[in-house]
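*Asks:* Start counting at 1 in the sequence shown, then tack on 805, and there's your number in this note's numbering. No residue lacks a Cβ here, since even glycine has one placed at the ideal position from N, Cα and C. This one's a predicted model, so the numbers in the text were calculated from it and none came from an experiment. Structure below; questions to follow.
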Amino acid sequence: MNWRKRSWFGGRPASLEKSAEKPDVRRYNHTVMSFAGKAGAGDQQHGSGTVHFVLVPMMAQGHTIPMTDMARLLAEHGVQISLVTTPVNATRMAGFVAAVEEAGLPVQLLELPFPASEFGLPDGYENVDMLQSKDDMRKFLEACGALREPLTATLRQHNLPPSCIISDMMHWWTSDIARELGIPRLTFSGFCTFASLARDIVYRDNLLRNLTDDEEVVKLSGFPTPLELPKARLPGSLCVPGLEEIREKIYDEEMRSDGKVMNSFDELETLYIESYKQATGKVWTIGPMCLCHRDRNTMAARGDKASLDEAKCLQWLNSKKPGSVIFVSFGTLVSTVPQQLVELGLGLEASNKAFIWVIKAGNKFSEVEEWLADGFEERVVDRGMIIRGWAPQMMILWHQAIGGFMTHCGWNSTIEGICAGVPMITWPHFAEQFLNEKLVVDHLKIGMEIGVKGVTQWGSEQKEAKVTRNAVEIAVSTLMDEGDAAQEMRMRVKDFGVKARRALEEGDTTAMSFACHAAGNQQCSSTTMKAHFMLVPMMAQGHTIPMTDMASLLADHGAQVSLVTTPVNAARMAGFVTAVEADGLAVQLVTLPFPATEFGLPDGCKNLDMLQSKDLCRNFMEACAALDEPLTVRLHQQRPPPSCIISDMVQWWTGDIARELGIPRLSFDGFCTFASLARHIMFHDKLLENVTDEDIVTFSGFPTPLELPKARCPGLCIPRMEQIRDKMYEEEL
């Protein structure tokens, strides 16, 4: 405990100096930490008790976006986040940074200079989508690996030691940093569990070895459901010449990691998650992470800055009927040749359906622009919106006008479509996208194949159109015309959307458990996330003062504390508030209007010392219990959510709130243990029944002889309080 000067309520000393004979602080701290753990908050370490996660995303939008979602999700649960990036990528995160700052979340960027030119890349090439050729990929990954030393130095100098590193699987070198710092390293691939399990089987069993024919069908033995694909459609991660050594390091370090973080949820991939856990050990599903964005503004801020006015996009969508628009987007790394874009556009036109079409600017974009300007945009002006560049995809998908999603089957896009409850037309290009298509079409049955011919190798330009305009027209018409098959897909994906949102709502325990366990390995075994205690004192100075002391004590040990009060009582706490602010402690007041007049009390009568008669005590207690609903509403809005409620024993109604939130409720009576035990025996054995005030009551079972006249025994002996007293005792037990 820190021995600091403090201000106190009236009658208490204005400061607390170190005593000549100081108590055993280490033992005392251990007691407080143990108490926090028992209360559901976990043990604490480092005094601050705050877990510090370092997130290291791969510099590619499809990898970075879910990591920023993860950062927000964990920060909402009290975890301190450092997100490692580079200057160019930091500018792309401006919307994300503004959003977390507005929400008051503990997220910071750690910007490291990117050594592009040292590895033969043009200066400023800091993202995969900037690479001009697949031959640059090795240089890019080697430049990423060169961040190891500066990142290690930065983390050593950080004022809050890191508890855990979560890095993209591509950043295999972060495992060296984790070992050097003695902390866990977890990997994040951005794949679904279905694809991750398939990829691991491919590597483990060397299924691609000695296969020369890309069309040869490979059967994945050990997969929980039958699965076979042509060699070219299996994830041979990094099938780029010269990357074999790096690929092996990535796989080796992933297998050695302390666990894997998956952007998925149990009800979506139940069988595959269980199989993956059995095959690889610790697997944490903390998705869908995109659902940490709960409003239109934060949805729009995901990823890069949009290439169009978001208000204009929403205005256009608002003009369309619900479910009438097909959204077409193929992610950031898919480069589609002009011939294919023309076929796609003509197919959309022929379908006669409204559409939003995101076209990625590329080397040959001028050819596409020429075609668009040569009559196409004019012909579809009333029902087509074309976005050139980055689109606020999640914001668009969640609009009621969207009825279908034509996607490249990247996992970010796929799970965003699922969360929005939008059925899909699948058009995979490379990597694990063909596996995602299998999951969507064959297993979840929430999408239909467009019928892609062949595979597009990342970084290689396709030579011809792989999907005809006729195939596009048929797929769009089939999905949007509401036939039986389309209706079945729509119903199923909407059901998964509901389950996704439920997973997020019920995911507080999962995220907290993940944070605790992730930081709990190796030398961080006593570190967990910051606990959030909700303290509900009785509005009487003799009850409130020790609860404010408790708030300071818990905050001293790294807990976040919310202290529930009312306006009049908040004014009395001004000195306490000033003191905790000066000490930088994480204590806030949650002020609720007190319904005095509704229960027959004078307006402003909000503390027991204001009551003019003991006959008003029942009215006061009933007014306190009426805070149940407004407090429950406030707690549902709290971020991080409360870990535990500690309430005065007379606030018995907080037991209902704790049960609704699924968290512990501890009671505080302000008594010494001697008196508390006597009171418990008295109530338990009903010692006061049929006894006069002068009768002597003997406390059988008390550890030392104890007897008192009835009048001196503790108990709410105020008329009309019997029912409330019984509720208090029942909830306390």
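I'd like the list of long-range same chain contacts for R1184, defined as Cβ closer than 7 Å, with 5 residues on each side in sequence excluded.
*Replies:* Numbered from 1 along the sequence shown, position 379 holds the residue referred to as residue 1184. Excluding positions up to five away in sequence, the list reads E1154.
*Asks:* Helix, strand or coil for V1133 per DSSP?
*Replies:* Here residue 1133 corresponds to residue number 328 of the sequence shown, with the count starting at 1. Of the three classes helix, strand and coil, the one that applies to V1133 here is strand, per DSSP.
*Asks:* Pull up the DSSP beta-bridge partners for G1209, would you.
*Replies:* By one-based count along the sequence shown, residue 1209 stands at place 404. DSSP, once it has assigned bridges, lists I1131 as partnering G1209.
*Asks:* Evaluate E1536 with the Cβ neighbour count: other Cβ atoms within 10 Å of its Cβ, from every protein chain shown; 16 or more gives buried, anything less gives exposed.
*Replies:* Your numbering for residue 1536 matches position 731 in the sequence shown. Buried: at least 16 other Cβ atoms inside 10 Å.
*Asks:* What is the rounded straight-line gap between the Cα of K1082 and the Cα of E1237?
*Replies:* Within the sequence shown, the letter at position 277 stands for residue 1082. Within the sequence shown, the letter at position 432 stands for residue 1237. Taking the straight line from one Cα to the other gives about 19 Å.
*Asks:* When you compare each of V1142, P1447, D973 to A1463 by their alpha carbons, which one comes out closest?
*Replies:* For this step, residue 1463 is matched to residue 658 along the sequence shown. Residue P1447 is the option with its Cα nearest to A1463.
*Asks:* Are the stretch 1120–1130 and the stretch 1092–1100 touching by the rule of at least three beta carbon pairs closer than 8 Å?
*Replies:* no
*Asks:* I'd like the ranges of any alpha helix (DSSP H) spanning at least 4 consecutive residues and lying wholly in the stretch 1152–1198.
*Replies:* Listed in chain order, the complete alpha helix (DSSP H) runs (minimum 4 residues) inside the stretch 1152–1198 are 1170–1176.
*Asks:* To which residues does DSSP link M864 through a beta bridge?
*Replies:* In the sequence shown, residue 864 corresponds to position 59, counting from 1. Partner residues in a beta bridge of M864, as assigned by DSSP, do not exist.
*Asks:* Tell me the DSSP bridge mates of Q913?
*Replies:* As a first step, residue 913 is located in the sequence shown; it is residue number 108 there, counting from the start. Per DSSP, S887.
*Asks:* Measure how close the beta-carbons of H1204 and W1232 come, nearest whole angstrom, since I'm counting them as under 8 Å.
*Replies:* One-based indexing of the sequence shown puts residue 1204 at position 399. One-based indexing of the sequence shown puts residue 1232 at position 427. At roughly 21 Å, the Cβ-Cβ gap does not stay under 8 Å, so H1204 and W1232 are not in contact.
*Asks:* Kindly indicate which residue of D1300, V1139, E881 has the alpha-carbon position closest to the one of K1165.
*Replies:* Mapped onto the sequence shown, residue 1165 falls at position 360. Checked all of D1300, V1139, E881; the closest Cα to K1165 is V1139.
*Asks:* Looking at F919 and E907, is the spacing between their C-beta atoms short of 7 Å?
*Replies:* Position 102 of the sequence shown, counting from 1, holds the residue named residue 907. Position 114 of the sequence shown, counting from 1, holds the residue named residue 919. The answer is no: Cβ separation not under 7 Å.
*Asks:* Any idea which residues DSSP pairs Q1365 with across the strands?
*Replies:* As a working note, residue 1365 is residue 560 in the sequence shown. Looking at the DSSP assignment, Q1365 forms a beta bridge with H1337.
*Asks:* State the start and end residues of the unbroken alpha helix (DSSP H) segment that holds R1297.
*Replies:* Indexing the sequence shown from 1 puts residue 1297 at position 492. First-last of the alpha helix (DSSP H) with R1297: 1289–1310.
*Asks:* In whole angstroms, give me the CA-to-CA distance for M1211 and F1132.
*Replies:* Within the sequence shown, numbered from 1, the residue matching residue 1211 stands at position 406. Within the sequence shown, numbered from 1, the residue matching residue 1132 stands at position 327. If I take the Cα positions, the gap works out to 6 Å.
*Asks:* Could you have a look at A846 and say whether DSSP puts it in helix, strand or coil?
*Replies:* Within the sequence shown, the letter at position 41 stands for residue 846. Any reading at A846 is ruled out, since the residue's pLDDT is 40, under 50, leaving its predicted position unreliable.
*Asks:* Looking at the strands, I want to know which residues DSSP matches up with I1501.
*Replies:* Position 696 of the sequence shown, counted from the first residue, corresponds to residue 1501. Beta-bridge pairing links I1501 to P1514.
*Asks:* Ends of the alpha helix (DSSP H) at L927?
*Replies:* Numbered from its first residue, the sequence shown carries residue 927 at position 122. According to the sequence shown, residue 927 is Pro rather than Leu. P927 -> no alpha helix (DSSP H), and no H or E assigned at all.
*Asks:* Can you tell me which of the three DSSP states I1078 falls into?
*Replies:* Working through the sequence shown from its first residue, we reach residue 1078 at position 273. I1078 falls in the helix class under three-state DSSP.
*Asks:* Rounded to whole angstroms, what is the Cα-Cα separation between R793 and S1218?
*Replies:* With the chain covering only 806 through 1538, there is no way to say anything about residue 793.
*Asks:* Enumerate in chain order the residues of its own chain whose CB-to-CB distance from T1349 is below 6 Å, with the five nearest sequence positions on each side excluded.
*Replies:* Within the sequence shown, the letter at position 544 stands for residue 1349. Only P1342 meet the Cβ criterion.
*Asks:* How close, in whole Å, do the beta carbons of T891 and E916 come, if the pair is a contact with beta carbons under 8 Å?
*Replies:* The sequence position of residue 891 within the sequence shown is 86, counting from 1. The sequence position of residue 916 within the sequence shown is 111, counting from 1. The pair is a contact, with the Cβ atoms about 6 Å apart (cut-off 8 Å).
*Asks:* Spell out the partners DSSP gives E1254 in its beta bridges.
*Replies:* The residue labelled residue 1254 in the question sits at position 449 within the sequence shown. Beta-bridge pairing links E1254 to T1231.
*Asks:* Check whether the Cβ atoms of I886 and A895 lie closer than 7 Å to each other.
*Replies:* Along the sequence shown, one-based indexing puts residue 886 at 81. Along the sequence shown, one-based indexing puts residue 895 at 90. Taking 7 Å as the Cβ cut-off, I886 and A895 do not qualify as a contacting pair.
*Asks:* With distance defined between alpha-carbon atoms, name the residue in D940, F993, G909 nearest to G867.
*Replies:* Counted from its first residue, the sequence shown places residue 867 at position 62. Among D940, F993, G909, the Cα nearest to that of G867 is on F993.
*Asks:* Name the one or two DSSP bridge partners that I971 has.
*Replies:* Start at 1 with the first residue of the sequence shown, and residue 971 comes out as number 166. Its beta-bridge partners are L860, L991.
*Asks:* Going by DSSP, name the residue or residues bridged to M1343.
*Replies:* Working through the sequence shown from its first residue, we reach residue 1343 at position 538. According to DSSP, which records beta bridges pairwise, M1343 is partnered with nothing at all.
*Asks:* Tell whether a beta-carbon distance below 7 Å holds between V1366 and A1360.
*Replies:* Here the question's residue 1366 lines up with position 561 in the sequence shown. Here the question's residue 1360 lines up with position 555 in the sequence shown. Closer than 7 Å, so yes.
*Asks:* In the DSSP assignment, find the beta strand (DSSP E) that holds W1089 and state where it starts and stops.
*Replies:* Here the question's residue 1089 lines up with position 284 in the sequence shown. Where W1089 is concerned, the enclosing beta strand (DSSP E) stretches over 1088–1090.
*Asks:* Residues in its own chain within less than 7 Å of I1055 by CB, not counting five upstream and five downstream?
*Replies:* By 1-based counting over the sequence shown, the position of residue 1055 is 250. Hits under 7 Å: M974, M975, W977.
*Asks:* Which residues share a DSSP beta bridge with E1033?
*Replies:* In the sequence shown, the residue the question calls residue 1033 occupies position 228. For E1033, which the question treats as bridged, DSSP gives the partners K1024.
*Asks:* P933 and A865 look like a contact to me (Cβ under 8 Å); what is the Cβ gap, rounded to whole Å?
*Replies:* Reading the sequence shown from its first residue, position 128 is the one you call residue 933. Reading the sequence shown from its first residue, position 60 is the one you call residue 865. The sequence given here has Val at residue 933, not Pro. Right, their Cβ atoms sit about 4 Å apart.
*Asks:* Here's the rule: buried if 16 or more other CB atoms are within 10 angstroms of the residue's CB, otherwise exposed. What is D1289?
*Replies:* Looking up residue 1289 in the sequence shown gives position 484. Counting Cβ neighbours within 10 Å, D1289 comes out exposed, since fewer than 16 surround it.
*Asks:* Rounded to whole angstroms, what is the Cα-Cα separation between G1128 and G1302?
*Replies:* Counting from 1 along the sequence shown, the entry for residue 1128 is found at position 323. Counting from 1 along the sequence shown, the entry for residue 1302 is found at position 497. So the alpha carbons of these two residues sit roughly 15 Å apart.
*Asks:* Do V1392 and A1364 have their beta-carbon atoms positioned less than 7 Å apart in this structure?
*Replies:* Along the sequence shown, one-based indexing puts residue 1364 at 559. Along the sequence shown, one-based indexing puts residue 1392 at 587. Going by C-beta atoms, A1364 is not nearer than 7 Å to V1392.
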